[in-house]
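What follows is a short report on a single structure.
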Amino acid sequence: MASTSTNGAAAASAGASTSTTDMTSRDYYADSYAHFGIHEEMLKDEVRTRSYRNSIINNPHLFKDKIVLDVGCGTGILCMFAAKAGAKKVIGVDMSNIIDQAKIITEVNGFKDTITLIKGKLEEVDLGLGPNGKVDIIISEWMGYFLLYESMLDTVLMARDKYLAPGGMMFPDKATMYLSAIEDQEYKDEKIGFWDDVYGFNYSCIKDIALREPLVDTVDIKSVVCDPFPIKQLDLLTVTKEELSFESDFTLNATRDDYVHAFLGWFDISFDACHKPVQFSTGPHSRYTHWKQTVFYTKDVLAVNQGDAITGRLVCKPNERNNRDLDITIDYQVQGATASSGRMEYKMS
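Just so you know, we're using this note's numbering here: the sequence shown kicks off at 33 and counts up by one.
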């Protein structure tokens with residue numbers, strides 16, 4: 033995921049006239065995507081990068097002689113995949129100063145005549161397509177933690193509505209969000225219980241704040257207590273911006289007798305337009321990705337027996353002050369011998 037949306041205004045202004053070789057720590061604070069380190073992490077994420085490569089390179093019949101738009105092109109890796117697959121023209125857009133390096137990278141790799149890179153907000157730049165110009169394919173790595181946190185999906189949907197030709201394709205084109213529940217006593221005590229007694233002092237006010245902040249981390253599949261439940265499915269060809277605020281009822285069926293200390297969220301991505309669809313998951317059952325999983329700790333410990341159900345409703349919407357942040361509410365009830373219920377409000381920021 034790179035930077036193209038209206039939420040990156042600070043990045044655009046901070047890096048407007050500063051090359052990556054001259055940037056200071058203050059510049060990088062405003063334009064975090066300008067530093068190579070964040071791109072190194074994403075490029076080294078083999079699940080992520082190989083999935084994009086396989087979906088593009090292995091489907092040259094879809095890309096041959098096509099015009100492709102990469103929303104948030106970063107270092108240009110997806111642009112080069114598309115060009116290598118036979119695209120006639122590839123346009124990459126990014127707000128970050130990393131695009132200066134992307135121009136060098138694409139040129140030294142022999143794509144100067146195929147790939148055009150443009151710095152700026154997608155809503156404002158001229159793609160050079162003419163007044164009614166369209167593209168055949170939009171590619172983007174727009175996903176954030178829990179799929180939608182700090183995501184560029186708003187910008188991708190704007191690009192789709194403005195630039196995608198009838199019958200055009202989106203890469204990826206499907207996303208599914210999942211919820212489950214986990215046993216996590218040891219880590220919850222370390223992260224949340226720590227505030228009960230800090231060198232003999234009561235810091236419990238921080239505990240309340242810590243509970244409201246979801247934790248992004250890798251979770252061992254052995255900690256998962258319930259079957260996963262799909263809480264939201266997105267079709268990138270049809271989903272609207274308004275549908276990114278959603279409510280979902282869920283039922284989590286316990287697979288063993290255990291205790292539940294948190295809910296767990298992740299997402300799967302699909303490239304269904306391919307001749308052979310490509311998919312990857314960010315769940316605890318799959319290989320590591322830099323998205324990891326998202327842990328939502330509950331205030332109370334829930335006791336479940338095998339076959340019990342945790343039912344409830346999850347509400348997810350962009351924060352009103354910063355739409356890249358998420359406000360998430362989970363209401364839950366344990367249906368079983370040890371019935372209990374609760375409500376947690378979280379903020380991903």
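Virtual Cβ for every residue (Gly too), placed ideally from N, Cα, C.
Put simply, the backbone Cα of His317 is about 19 angstroms away from that of Gly176.
Just measuring C-alpha positions, the residue of Val251, Asp77, Thr330 and Phe278 sitting nearest Leu243 is Thr330. In this structure, the CA atom of Gln133 is about 7 angstroms from the CA atom of Thr107. The residue from Lys96, Ala371, Val188 and Ile171 with its alpha-carbon nearest to that of Val271 is Val188.
For the pair of segments examined, the stretch 202-210 was found not to touch the stretch 224-241: the number of CB pairs separated by less than 8 angstroms stays below three.
DSSP places Val292 inside the beta strand (DSSP E), whose first and last residues are Asp290 to Phe303.
Between the stretch 156-165 and the stretch 71-90 there are fewer than three C-beta pairs closer than 8 angstroms, too few to call the two in contact.
The beta-bridge partner set that DSSP reports for Ile214 consists of Val256 and Ala294. When DSSP states are grouped into helix, strand and coil, Val157 belongs to the coil group. In the three-state reduction of the DSSP assignment, Ser280 falls in the strand class. Each of Thr138, Lys144 and Gly124 was checked against the Cα of Ile169, and the nearest Cα belongs to Gly124. By the Cβ neighbour-count rule, Ile99 is buried, with 16 or more other Cβ atoms within 10 Å of its own.
Here Val333 is exposed, its C-beta having fewer than 16 other C-beta atoms within 10 Å.
By the Cβ test, the stretch 366-376 is in contact with the stretch 334-346, since at least three Cβ pairs between them sit closer than 8 angstroms. Distance between Ala115 and Ile109, taken at the CA atoms: about 10 angstroms. If you draw a 10 Å sphere on the C-beta of Phe233, you find fewer than 16 other C-beta atoms in it, and that means exposed. In this structure Ile147 is in contact with Cys111, their Cβ atoms being roughly 5 angstroms apart against a cut-off of 8 angstroms. Just so you know, the alpha carbons of Val140 and Glu173 end up roughly 23 angstroms apart. For Lys254, the closest of Met190, Leu296 and Ile301 by C-alpha to C-alpha distance is Leu296. Per DSSP, the unbroken beta strand (DSSP E) holding Phe261 starts and ends at Phe261 to Asp267. Here the stretch 338-348 makes contact with the stretch 277-297; the two share three or more CB pairs at distances below 8 angstroms. For Met202, the uninterrupted beta strand (DSSP E) run begins and ends at Leu196 to Phe203, by DSSP. Counting other Cβ atoms within 10 Å of its Cβ, Ile241 stays below 16 and is therefore classed as exposed. Annotated three-state conformation of Val251 is coil, per DSSP. Per the C-alpha coordinates, the member of Pro260, Asp259 and Glu275 positioned closest to Leu266 is Glu275. Looking at the DSSP output, Val327 shares a beta bridge with Leu247 and Leu296. In the DSSP assignment, Gly374 forms a beta bridge with Tyr364.
The Cβ-Cβ distance between Phe113 and Arg85 falls below 9 angstroms.
When beta bridges are read from the DSSP output, Ala134 appears opposite no residue. For Asp145, the closest alpha carbon among the candidates Ile136, Lys153, Lys151 and Gly152 is that of Ile136. Gln325 and Asp216 have their C-alpha atoms some 14 angstroms from each other.
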